[in-house]
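In what follows, a single structure is set out as structure tokens and then discussed.
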Amino acid sequence: MGQNNHGVSLAEVLLVTAILIILAGIALPTLSLTVDDAKVTAVEQELMRVRTGIDYYKFQHLELLPGLDPNNGNWTTDAFNKQLTWATTQYGEWASPGSSGYPFGPYLLEGIPNNPFNDLDDVIVVPAGASASGYPNDNSGWVYFADDGTFRANTQATTSDGGRIYDL
Numbered sequence: 467m468g469q470n471n472h473g474v475s476l477a478e479v480l481l482v483t484a485i486l487i488i489l490a491g492i493a494l495p496t497l498s499l500t501v502d503d504a505k506v507t508a509v510e511q512e513l514m515r516v517r518t519g520i521d522y523y524k525f526q527h528l529e530l531l532p533g534l535d536p537n538n539g540n541w542t543t544d545a546f547n548k549q550l551t552w553a554t555t556q557y558g559e560w561a562s563p564g565s566s567g568y569p570f571g572p573y574l575l576e577g578i579p580n581n582p583f584n585d586l587d588d589v590i591v592v593p594a595g596a597s598a599s600g601y602p603n604d605n606s607g608w609v610y611f612a613d614d615g616t617f618r619a620n621t622q623a624t625t626s627d628g629g630r631i632y633d634l
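The following block contains the structure:
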């Protein structure tokens, strides 16, 4: 009996390669949109979590917004972070969670989250009465406006339909 040794022809290899290239051309943009959509969902969830913490802080602190240092009356990032992640008094003084006389908070047990678009977790606090221009600029994870308690993702990224992440 003779052996029938047929290899793969060059035409067959080229045909399979062309099909794979076409499939990759179809799948990769879809995969990219899926990853971007996942980031949008993640930033929406983080915004909701921090905004809920801000609202709850305000509810428990005589309608005061976080970020105002009760010791010096200045709006600071340090005060914002600690008032949301540590225990506080009704007037916004902070101490380690569980400290006696500090019955409120913490509101963000896992700390300030990273912005999924730039992987930064720092917050720029724009003091009440200060100019709010120049944002978004991607220089921090988040920006907080002390005038009204608005908390935004500090990124110039856009959604798949062209909307600004900053405006979410």
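Mapping of the sequence shown onto my numbering: residues 467 to 634, in sequence order. Cβ coordinates follow ideal geometry from the N, Cα and C atoms, glycine included.
- With a cutoff of 8 Å on beta-carbon distance, Thr-625 and Val-479 are scored as not near each other.
- In this model, Thr-483 and Asp-502 are separated by some 28 Å (Cα to Cα).
- Nearest to Thr-555 by C-alpha distance, out of Asn-581, His-527, Glu-576, is His-527.
- By a beta-carbon distance limit of 8 Å, Thr-551 contacts Pro-572. Their separation comes to about 5 Å.
- Rounded to whole angstroms, Trp-541 and Glu-559 show a C-alpha spacing of 13 Å.
- In the DSSP assignment, Ala-545 falls within the alpha helix (DSSP H) that extends over 543–551.
- For Gly-577, same chain residues with a beta-carbon under 6 Å away, outside a window of 5 residues either side, are Thr-551 in chain order.
- Nearest neighbour of Tyr-632 by Cα position, chosen from Gly-607, Arg-515, Asn-547, turns out to be Gly-607.
- Gln-511 counts as exposed, since fewer than 16 other C-beta atoms from the protein chains shown sit within 10 angstroms of its C-beta.
- Apart from sequence neighbours up to five positions away, the residues of its chain that approach Pro-602 with a beta-carbon distance below 6 Å are Asn-620, Thr-621, Gln-622, Tyr-632, ordered along the chain.
- Counting other Cβ atoms within 10 Å of its Cβ, Val-474 stays below 16 and is therefore classed as exposed.
- Ranked by Cα distance from Leu-534, the options Gly-491, Tyr-610, Pro-569 are led by Tyr-610.
- Comparing C-alpha distances from Gly-615 to each of Leu-586, Tyr-557, Phe-546 shows the shortest one belongs to Phe-546.
- Annotation for Ala-619: the continuous beta strand (DSSP E) segment containing it runs 616–619.
- Residue state for Leu-486 is assigned as helix, using DSSP reduced to three classes.
- Closest in C-alpha terms to Asn-605, from the list Gly-628, Asp-521, Asn-581, comes Asn-581.
- Out of Asn-538, Ala-477, Tyr-557, Ala-504, the CA that lies nearest to the CA of Tyr-523 is found in Tyr-557.
- Taking each of Gly-628, Asp-613, Arg-630 in turn and checking the Cα distance to Pro-532, the smallest one comes out for Asp-613.
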